[in-house]
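Engineer: My questions will all concern the structure given below.
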Amino acid sequence: MSAHAHAGTKASKNALMFGAIGVVFGDIGTSPLYTLKEAFGEHYGLAANQANILGILSLVFWAMILVVTVKYVMIITRADNRGEGGILSLMSVVNRALPIASPLTYAVGILGILGTAFFFGDAVITPAMSVLSAVEGLELLTPKLHKYIIPVVLVVLAALFSFQRYGTEKVGKVFGPITTVWFFCIAILGLMQIIENPVVLQALNPLHAVNFFMINGKAAWLVLGAVVLCVTGGEALYADMGHFGRMPIRNAWLYIVLPSLVLNYFGQGSLVLADPSAVNNPFYNLVPEMLLIPMIILATFATVIASQAVISGAFSLARQAMQLGYLPRLQLKHTSAHTIGQIYVPWVNYILFITVIGLVLGFQSSSAMAAAYGVSVTGSMLIDTVLMIILASQGWRVKSWIIWVLGVSYLVIDIALFSANAIKFLHGAWVPVLLGIVVFTIMRTWRHGRDLVRAQVNRDSLRIEHFIKSIMVEPPLRVPGTAIFMTPSNDYLPPSMLHNLKHNKVLHEHNILLSVDTLSVPRADDDERYSISDLGNGFTRCTLRFGFMEDPDVPKALATLKKAGLDFDTMDTTYFASREALTAKADQGMVLWRDKLFLFMSRNATPATEFFGIPGERLVELGTKVVI
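In terms of my numbering, the sequence shown is residues 756 to 1383.
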């Protein structure tokens, strides 16, 4: 490689690394705003003495090392799904590693849905928690500003969600470089304080964490609910891997983000050691008075970026869930002409905004919200660990003793962190539990409902081969042109074809039975994009396949298949689709309330034809009644 090419490659890697800093690490990067403050909250009853400070700092440091660095950066990021990460990608990777008809398949699917539900809970709580913790610094200027905190937070959140329609890319260009400045500032603030009181560096020794548990017992376990706040956003390292790659994310974490966080946390600890009264807000008490207002502004921007990342992640996850059949099809808007994956989902944005505002008005402070935040994060991390254990044993064929040592160790860690938050059920932990139940119910209901509809339609239909044989006994009138019949299963006669024959008494010269499948990979390779088979007598079976990160543009995909023998005039083609008129009966299908929920989602879903890009002027929709 030439020196110029090498320099270009290095520059590109550096650009990706700094891009990752702005997008991936916003959530975990703003955790110093509230972690230590929450750990010494009144409800834990811990004195700000040297033993407790060193113990909590040691827990924070080793949580970032064991959970983020080892578990996510070193291990889980290796479980990529053709470069993509995230809970649904991990679920797909694990399912492909399992033997056919494995009893674990269903359990893995349930875990994937549950992990998705927890992520949506995180997407709601992160903006509320992050922005609240940043704006609360106003109290340090004067207590009189306390009454303005909630109004300011509501204005910031309203602006954040209103800007989503313009796309992540535009928001990132405005705020992205601020994150780098943020990490530089928090590192300097921490380092200056550590120099004055370097005794806090003793906390690097894990024995201080052990001693903390021996001294405080149950209180030490409960405080894990605050310590976990230092790793919130760790799962984003894996979820955003497809945008930046594993190495840029790893390097950004190891060389910039982790050192900055450690310096700031230890700086806060050093300050509290010197002045225990600073424990009321150790982050902002690090800041010189003359720089307090600029730091509050910088922190607010940083928390907006953190919120932006998780909101964008919610949009992306919603699309994946739609493609994989776990959510109804919703309107998608692409916000970038040249960047894949930049999307805006209006319905998701609206629901997130309403829920976030409700949380802010309900909890009123970041401390009150801490338990709710922790449950969603630790729940996701626990599910990731379980799925990784399955993958390591079934897919990677890791030695049993390694799986036992690492698997049990991380299960103990994750269960300890999750339980420390879950025990605060009545103090806010019920929020992500409720959100998780709602999202889980919606996803399971939609998936099961679609399976019931498909089974009912197929039960009332003929196999296409039998139909072709029977129809040729007394062939109907043939008209020129091509008819494409959209169907979920091209093994069976599409209802739209049956109704077309019944009412119009004709068939086209060329009839294509088209089904669209979503693969368990982000993007389909060229060799798996389609399959075509000639059924004879002017009938062709065609299956188009897309990855769960792709936009299924059917006309565009069909236009590329002429070389494969599917030659037809696109301007002389009519698309036929069935519009299902669904009704529910109490004695079949799901329980009646789930049936009604499914019907509601069906009526408000984007039609499949619109989702697949079918031109409306060449589309004929024929209704069919389905009882579930």
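Where a beta carbon is used, it is the ideal one built from N, C-alpha and C, also for glycine.
At a cut-off of 6 angstroms, would you count V1309 as near the ligand SAH, judging by its Cβ distance to the nearest heavy atom?
Structural biologist: By its list of ligands, the structure shown contains no ligand whatsoever, and the ligand SAH lies outside what it can speak to.
Engineer: Answer yes if the stretch 1145 to 1165 comes into contact with the stretch 1014 to 1029, meaning at least three C-beta pairs across the two stretches below 8 angstroms, and no otherwise.
Structural biologist: The stretch 1014 to 1029, when compared against the stretch 1145 to 1165, does not touch it at the 8 angstroms Cβ threshold.
Engineer: So the alpha helix (DSSP H) T1058 belongs to, where does it begin and stop?
Structural biologist: Counting from 1 along the sequence shown, the entry for residue 1058 is found at position 303. From DSSP, the alpha helix (DSSP H) with T1058 extends over 1047 to 1078.
Engineer: Could you check if M1045 is buried or exposed, using at least 16 other CB atoms within 10 Å of its CB as the buried criterion?
Structural biologist: The residue labelled residue 1045 in the question sits at position 290 within the sequence shown. Exposed is the call here.
Engineer: Rounded to whole angstroms, what is the Cα-Cα separation between A762 and F780?
Structural biologist: Sequence index remark: in the sequence shown, residue 762 carries index 7 (1-based). Sequence index remark: in the sequence shown, residue 780 carries index 25 (1-based). Confidence at A762 is low in this model, with a pLDDT of 43, below 50, so its placement is unreliable and the value that follows should be read with caution. Going by the C-alpha atoms only, they are around 26 angstroms apart.
Engineer: Going along the chain, which residues of its own chain have a beta-carbon closer than 8 angstroms to the beta-carbon of A760, five neighbours each way excluded?
Structural biologist: Residue mapping note: residue 760 aligns to position 5 of the sequence shown, counting from 1. The predicted position of A760 is uncertain, since its pLDDT is 40 and thus under 50; no value can be drawn from it.
Engineer: Can you list, in chain order, the residues of its chain with a C-beta nearer than 6 angstroms to that of M1241? Leave out the 5 residues immediately preceding and following it.
Structural biologist: Along the sequence shown, read from residue 1 onward, the residue named residue 1241 stands at position 486. Closer than 6 angstroms at Cβ, skipping near neighbours: L1269, A1332.
Engineer: With a cut-off of 8 angstroms on the beta carbons, I'd call M846 and Q1075 a contact; round off their distance for me.
Structural biologist: By one-based count along the sequence shown, residue 846 stands at place 91. By one-based count along the sequence shown, residue 1075 stands at place 320. The Cβ separation is near 10 angstroms, so there is no contact.
Engineer: Can A1127 and I880 be called in contact, C-beta distance under 7 angstroms?
Structural biologist: Numbered from 1 along the sequence shown, position 372 holds the residue referred to as residue 1127. Numbered from 1 along the sequence shown, position 125 holds the residue referred to as residue 880. Yes, these two residues count as a Cβ contact at 7 angstroms.
Engineer: Using only the alpha-carbon positions, how far apart do I1145 and A852 sit?
Structural biologist: Residue numbering aside, residue 1145 sits at position 390 when the sequence shown is read from its first letter. Residue numbering aside, residue 852 sits at position 97 when the sequence shown is read from its first letter. When rounded, the distance between both Cα atoms is 9 angstroms.
Engineer: Please confirm whether I1060 and T934 have their CB atoms less than 7 angstroms apart.
Structural biologist: Position 305 of the sequence shown, counted from the first residue, corresponds to residue 1060. Position 179 of the sequence shown, counted from the first residue, corresponds to residue 934. In contact: I1060 and T934 (Cβ atoms closer than 7 angstroms).
Engineer: Which first and last residues belong to the alpha helix (DSSP H) in which S1376 is found?
Structural biologist: The residue you call residue 1376 lines up with position 621 of the sequence shown. Here residue 1376 turns out to be Glu, not Ser, going by the sequence shown. From DSSP, E1376 is part of no alpha helix (DSSP H) but of the beta strand (DSSP E) over 1374 to 1382.
Engineer: CB-CB under 7 angstroms to L1354, same chain, minus the five flanking residues each way: which ones, in chain order?
Structural biologist: Position 599 of the sequence shown holds residue 1354. Within the same chain, L1354 has close Cβ partners L1337, A1339.
Engineer: Just how far apart, CA to CA, sit L1079 and T1110?
Structural biologist: In the sequence shown, residue 1079 corresponds to position 324, counting from 1. In the sequence shown, residue 1110 corresponds to position 355, counting from 1. Rounded to the nearest angstrom, the two C-alpha atoms are 25 angstroms apart.
Engineer: Whole-angstrom Cβ separation of T785 and A1057, contact assumed at under 8 angstroms?
Structural biologist: Translated into the one-based positions of the sequence shown, residue 785 becomes position 30. Translated into the one-based positions of the sequence shown, residue 1057 becomes position 302. With a Cβ gap of about 5 angstroms, T785 and A1057 count as contacting.
Engineer: Among residues of its own chain, excluding the 5 on either side of W1201, which ones have a beta-carbon nearer than 7 angstroms to its beta-carbon?
Structural biologist: For this step, residue 1201 is matched to residue 446 along the sequence shown. Excluding sequence neighbours, W1201 sits near Y1081, L1082, P1083, F1353, M1356.
Engineer: State yes or no: is the C-beta of R1300 within less than 7 angstroms of the C-beta of S1288?
Structural biologist: Within the sequence shown, the letter at position 545 stands for residue 1300. Within the sequence shown, the letter at position 533 stands for residue 1288. No, these two residues do not count as a Cβ contact at 7 angstroms.
Engineer: Do K1260 and P1235 have their beta-carbon atoms positioned less than 7 angstroms apart in this structure?
Structural biologist: One-based indexing of the sequence shown puts residue 1235 at position 480. One-based indexing of the sequence shown puts residue 1260 at position 505. Result no, Cβ atoms of P1235 and K1260 do not sit closer than 7 angstroms.
Engineer: Determine the closest residue to D1246 out of G810, S1275, S1216, with distance taken between C-alpha atoms.
Structural biologist: Within the sequence shown, residue 1246 is the residue found at index 491, counting from 1. That would be S1216, whose Cα lies nearest to the Cα of D1246.
Engineer: Given a cut-off of 7 angstroms on the beta-carbon distance, is the pair T1361 and Q1086 in contact?
Structural biologist: Along the sequence shown, one-based indexing puts residue 1361 at 606. Along the sequence shown, one-based indexing puts residue 1086 at 331. Contact: yes.
Engineer: Report the option in H1089, P1049, D877, G1117 whose CA atom is closest to the CA atom of V986.
Structural biologist: Here residue 986 is taken as the residue at index 231 of the sequence shown, counted from 1. For V986, the nearest C-alpha among the options comes from D877.
Engineer: Taking the C-alpha atoms as reference points, what is the distance between V1212 and T1379?
Structural biologist: Counting from 1 along the sequence shown, the entry for residue 1212 is found at position 457. Counting from 1 along the sequence shown, the entry for residue 1379 is found at position 624. Approximately 9 angstroms between the Cα atoms of the pair.
Engineer: To the nearest angstrom, report how far apart F967 and D1342 are at their CA atoms.
Structural biologist: In the sequence shown, residue 967 corresponds to position 212, counting from 1. In the sequence shown, residue 1342 corresponds to position 587, counting from 1. Straight-line Cα distance between these residues: approximately 58 angstroms.
Engineer: Ends of the alpha helix (DSSP H) at M1198?
Structural biologist: Here residue 1198 corresponds to residue number 443 of the sequence shown, with the count starting at 1. Note, M1198: alpha helix (DSSP H), 1185 to 1214.
Engineer: Are the CB atoms of A981 and A818 within a distance shorter than 7 angstroms?
Structural biologist: Along the sequence shown, read from residue 1 onward, the residue named residue 818 stands at position 63. Along the sequence shown, read from residue 1 onward, the residue named residue 981 stands at position 226. Not in contact: A818 and A981 (Cβ atoms no closer than 7 angstroms).
Engineer: What's the call for Y1165, buried or exposed, on a 16-neighbour Cβ count within 10 Å?
Structural biologist: One-based indexing of the sequence shown puts residue 1165 at position 410. So Y1165 counts as buried.
Engineer: Buried or exposed for D1322, going by 16 or more other Cβ atoms inside 10 Å?
Structural biologist: Here residue 1322 corresponds to residue number 567 of the sequence shown, with the count starting at 1. Exposed.
Engineer: Do V954 and L1172 count as a contact pair if the criterion is CB distance below 7 angstroms?
Structural biologist: Walking along the sequence shown from the start, residue 1172 turns up at place 417. Walking along the sequence shown from the start, residue 954 turns up at place 199. Going by C-beta atoms, L1172 is not nearer than 7 angstroms to V954.
Engineer: Run through DSSP, which three-state label would G1291 get?
Structural biologist: The residue labelled residue 1291 in the question sits at position 536 within the sequence shown. Strand, per DSSP.
Engineer: Please classify G1129: does DSSP put it in a helix, a strand, or coil?
Structural biologist: Numbered from its first residue, the sequence shown carries residue 1129 at position 374. Three-state result, G1129: helix.
Engineer: Touch check for the stretch 865 to 874 and the stretch 1023 to 1032: three-plus C-beta pairs under 8 angstroms?
Structural biologist: Not touching, per the Cβ criterion.
Engineer: Please name the residue or residues paired with Y1247 in a DSSP beta bridge.
Structural biologist: If you number the sequence shown from 1, residue 1247 lands on position 492. Paired residue(s): R1218.
Engineer: Using 7 angstroms as the threshold, is the C-beta distance between P1277 and R837 below it?
Structural biologist: Walking along the sequence shown from the start, residue 1277 turns up at place 522. Walking along the sequence shown from the start, residue 837 turns up at place 82. Contact flag set, yes.
Engineer: According to DSSP, is M884 helix, strand or coil?
Structural biologist: Position 129 of the sequence shown, counted from the first residue, corresponds to residue 884. If DSSP states are grouped into helix, strand and coil, M884 belongs with the helices.
Engineer: Closest by CA to P906, which one among A883, I1178, V823?
Structural biologist: As a working mapping, residue 906 is identified with position 151 in the sequence shown. Nearest of A883, I1178, V823 to P906, Cα basis: A883.
Engineer: So what's D1030 in DSSP terms, helix, strand or just coil?
Structural biologist: Position 275 of the sequence shown, counted from the first residue, corresponds to residue 1030. In this structure, D1030 counts as coil in the three-state DSSP scheme.
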